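Single-structure report; data block below.
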Amino acid sequence: MMQRPAIEYDGASHRESLTADNRRQNRMMNAGFTLLRFSAADVLSAPDSVVWSVRQMLRA
607 MMQRPAIEYD
617 GASHRESLTA
627 DNRRQNRMMN
637 AGFTLLRFSA
647 ADVLSAPDSV
657 VWSVRQMLRA
């Protein structure tokens, strides 16, 4: 089966849309997507770690 990667970025307004984001995440996972989720802090403070995680997912 082909991998179906998905990446989500939670920006500054994430807290306001947490419920909708969780519902969307559940729908994506139920549809067979492999989901990685990163906060703004992740992307800004540790971009190399974010890139590494994405690469690992794509290699799987």
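Taking this note's numbering, I'd label the letters of the sequence shown as residues 607 to 666.
Using N, Cα and C, we set each Cβ at its ideal position, and we do this for glycine too.
The model shown is predicted, which means the values in this text are computed figures rather than measured ones.
Check, Outcome
"Unbroken beta strand (DSSP E) run spanning residue 643, endpoints", "640-645"
"Distance, residue 658 Cα to residue 627 Cα", "24 Å"
"Proximity winner among 633, 625 and 639, relative to residue 609 (alpha-carbon distances)", "639"
"CB contact flag (residue 650, residue 614, <8 Å)", "no"
"Simplified DSSP assignment, three categories, for residue 601", "Absent from the structure is residue 601, since the part of the chain shown begins at 607 and ends at 666."
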